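Residue numbers 1 to 419, in my numbering, belong to the letters of the sequence shown in order.
The beta carbon of each residue, even a glycine, is placed where N, CA and C say it ideally should be.
Bear in mind that the values here come from a model prediction, so they are computed numbers and not experimental data.
One structure below.
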Amino acid sequence: MAEDAFHAFRKVPKTGVIYVTSEASRLGFSPTDPDWCNLGQGQPETGELPGAPPRVSSVAVHIDDQEYAPVAGLWELREAVAGLYNHLYRKGLPSQYSAENVCISGGGRAALTRAAASLGSINLGHFLPDYTAYEELLDIFKAFTPIPILLDGDRGYSFTPDDLRKEVLGRGLSALLMSNPCNPTGKLVAGEELSRWVSVARELDCTLLLDEFYSHYVYRSRTGQLPVESAARYVEDVDADPVVLFDGFTKNWRYPGWRITWAVGPKSVVERFASAGSFLDGGGSKPLQRAAVDLLDFDHVEQETRAIERVFRAKRDTTIARLQRIGVRFDRIPDGTFYAWGDVSELPGPLSDGMSLFRAALQKKVIVVPGEFFDVNPGKRRSGRASRFRNYVRFSFGPSAATVDKALDRLEALVNEQH
1 MAEDAFHAFR KVPKTGVIYV TSEASRLGFS PTDPDWCNLG QGQPETGELP
51 GAPPRVSSVA VHIDDQEYAP VAGLWELREA VAGLYNHLYR KGLPSQYSAE
101 NVCISGGGRA ALTRAAASLG SINLGHFLPD YTAYEELLDI FKAFTPIPIL
151 LDGDRGYSFT PDDLRKEVLG RGLSALLMSN PCNPTGKLVA GEELSRWVSV
201 ARELDCTLLL DEFYSHYVYR SRTGQLPVES AARYVEDVDA DPVVLFDGFT
251 KNWRYPGWRI TWAVGPKSVV ERFASAGSFL DGGGSKPLQR AAVDLLDFDH
301 VEQETRAIER VFRAKRDTTI ARLQRIGVRF DRIPDGTFYA WGDVSELPGP
351 LSDGMSLFRA ALQKKVIVVP GEFFDVNPGK RRSGRASRFR NYVRFSFGPS
401 AATVDKALDR LEALVNEQH
């Protein structure tokens, strides 16, 4: 039957990661095949890391876990999330998060979808480049209008609090969605700069929707300081400041398969997210939520985070150095995440745009993601001109160091073949 035979359905696009793995599968790719190197993956390695706590290998299922979990999540898990934020970011502050400030979801996209479904008829700002899944998310809900904000690689993708003020006032933004650290550029807004962002949002009543899923992959923290960052540190009143944070076990705990995430924000906003979840997804897995409570213990979080910083910083440095050696240019060295956002325009002709490099790398059993997928264009409203990011590629150093090294060997051989 023809693909378009069912007229009741529209064609639904794939995100960048799903597209590249689907294309690789046509050539025999399997996640369990050790000969393939997936530098396109959006997940970290999930095995043991030196110095990290032991990995969870089994989960007990209580008799009442056969029932639905509450749409907003198990109360004890919500309490544990709130407690961790207070411990990490709000010691000594009068306003503290509680369980009522937390909404649990079955995955990061589910949390962001609940948020999008809760927005009113507003202008919502978003950055270019940013996370590929935002594109369809920002198009499917018609209540709000997505407003793109182009970041300049020549400025290292910088966006100052003064820039934020101009955008809010000039474009009438009521909310801004962004990943911090940013997927794909690795740019981190932190410290005094992030504090000023929160101040501008508070003053101008512009809600910050901050995707903090990579907030434990931070490579420029002060010596001795736990390498994490969150806007939660700079909120004055947890129920009044327009700041909503998204995070979960997917990246920062390295349990993507658990599909446990959360939104943290004012109680009135969390109530709306739970209402949206009641008709969108119905809530997450009850036994996994119960098992997740212990993973929020601060000692566990500290050990895991410090292990992530040691292992992933080393992989970042190797990835950047070796890609630079073959001619890939970087607008900035990533401050966070496990991605390197590279300009390939100076590679030999057949490899000098992202899609061409992607296709050629597949022949070497290496997967990368062309930069054009991060040119977030909801509804394809912008013209059909070639993407500004057509010469960029996102290289993931999420896999093991051995896999990353093998992939870099193959990419180097691919470039050398063109000389």
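Can isoleucine 104 and glycine 284 be called in contact, C-beta distance under 8 Å?
yes
In whole angstroms, what is the alpha-carbon distance linking serine 57 and glutamate 372?
38 Å
Would valine 421 and glycine 40 be called neighbours here (beta carbons separated by less than 8 Å)?
Here the chain comprises residues numbered 1 to 419, so residue 421 is not present and cannot be evaluated.
Please name the residue or residues paired with tyrosine 97 in a DSSP beta bridge.
DSSP output for tyrosine 97 lists no bridge partner at all.
Sorted by chain position, which residues of the same chain lie with C-beta nearer than 7 Å to glutamine 303's C-beta, five sequence neighbours on each side aside?
Gly51, Ala52, Pro53
Is tryptophan 197 helix, strand or coil by DSSP?
helix
Using the Cα positions of alanine 80 and alanine 99, report the straight-line distance between them to the nearest angstrom.
8 Å
Might you give, ordered along the chain, the residues of its own chain that have their beta carbon closer than 7 Å to the beta carbon of glutamate 76, omitting 5 neighbours on each side?
Val293
Quick one, are the C-beta atoms of cysteine 37 and lysine 406 less than 8 Å apart?
yes
Minimum C-alpha distance to serine 199 - residue among Val235, Gly156, Ile333:
Val235
What is the C-beta distance between leucine 208 and leucine 176, in whole angstroms, given that I count them as a contact (C-beta under 8 Å)?
6 Å
Checking the sheet assignment: what are the DSSP bridge partners for glycine 342?
Phe330, Val393
Shortest alpha-carbon distance to arginine 310 belongs to which of Gly125, His216, Glu136?
His216
Determine the extent of the beta strand (DSSP E) in which histidine 126 is found, giving its start and end residues.
123 to 128
When Glu212, Leu280, Gln289 are compared against asparagine 252, the one with the closest alpha-carbon
Glu212
So if DSSP puts asparagine 38 in a beta bridge, which residue, or which two residues, is it bridged to?
Ile367
Contacting residues, own chain, Cβ-Cβ under 7 Å from aspartate 162 (five flanking each side not counted):
none
Could you compute how far the alpha carbon of lysine 91 sits from the alpha carbon of glycine 354?
45 Å
Per DSSP, alanine 243 is paired with what?
As written in the sequence, residue 243 is valine, which differs from the alanine given in the question. Beta-bridge pairing links valine 243 to Leu208.
Does the structure place the stretch 358 to 369 close enough to the stretch 407 to 416 that three or more beta carbon pairs sit under 8 Å?
yes
Just list the residues that DSSP pairs threonine 113 with in beta bridges.
Answer is none; threonine 113 lacks a bridge partner.
Return yes when the Cβ of leucine 245 is within less than 8 Å of the Cβ of serine 230, no when it is not.
yes
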